[in-house]
Each structure stands twice: as structure tokens, then as C-alpha cells.
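Colleague: Sharing a structure here in C-alpha cells format.
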């Protein structure tokens, strides 16, 4: 089950398969403070993992960037960074359950 929160939001799941490992990332474009909160992922073959995400507003987004990606729009989204880190820690099968907890 995947619960993205509000309908019509620019939220996608990218899934990558490499051998016996499947990695999924939750991407939130143009994240706002509404997207802050507890996020969890429960793969069918591993334990549930959760993290608290804080989306910050800044007048100088370049100061917050931690990568040199060609797309600055994605660089300013802390949620993308979280998802990539989470995907490195937890192998996810294609039948995983990822959702955002209610506040």
C-alpha cells in the first residue's frame, strides 16, 4: 500500500532493480512545510523503518544543497535526500508498503 497524502501532489515513487535488490525512492517535488512529518516504509521482506522529515524554508536554497546535481529543483528537496539514504539502508521488494503517517 502506498499513501501519498494529498491528491494531485507531485509525489512519485521511483523503483530500481539490481540483481536481487530492489530500491524504491519517494520523491516530493516542490516540498513545503505540509510535507514535514513522520514517513515510514515497510517492505514485505524487512522490518518497518521510519524517519521524521522537516522541510525548511530558506531564502538561500544554494546554502542548503548537499550535491552538485544538474537539477537544482531536486537538490533543495530534503525529502529526496532522505529517501536515497533510506534506500541505501533498507532493500525494498516491489511489493513494499510505504506511507506517510498522520500528524
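Residue numbers (this note's numbering): 56 to 158.
By construction, the Cβ of each residue, glycine as well, lies at the ideal position given by its N, Cα and C atoms.
Quick caveat, the model's predicted, so the values are computed rather than measured.
Evaluate residue 86 with the Cβ neighbour count: other Cβ atoms within 10 Å of its Cβ, from every protein chain shown; 16 or more gives buried, anything less gives exposed.
Modeller: To locate residue 86, count along the chain shown from 1; it is residue 31. With 16 or more other Cβ atoms within 10 Å, it is buried.
Colleague: With 7 angstroms set as the bound, which would you pick, yes or no: does the beta-carbon of residue 94 sit closer than that to a beta-carbon of chain D?
Modeller: Of the chains in the structure shown, none is chain D; there is only one protein chain.
Colleague: Could you tell me whether the Cβ atoms of residue 95 and residue 105 are closer together than 7 angstroms?
Modeller: Numbered from 1 along the chain shown, position 40 holds the residue referred to as residue 95. Numbered from 1 along the chain shown, position 50 holds the residue referred to as residue 105. It is a contact, given that the beta carbons lie within the stated cut-off.
Colleague: Report all residues from its chain with a CB closer than 6 angstroms to the CB of residue 112; omit the five preceding and five following residues, and keep chain order.
Modeller: For the purposes of this step, residue 112 is taken as the residue at position 57 of the chain shown. Correct list: empty, nothing qualifies.
Colleague: According to DSSP, is residue 125 part of a helix, a strand, or is it coil?
Modeller: Counting from 1 along the chain shown, the entry for residue 125 is found at position 70. Annotation note: pLDDT 44 at residue 125 (below 50); position unreliable, coordinate value reported separately. Note: residue 125 maps to coil in three-state DSSP.
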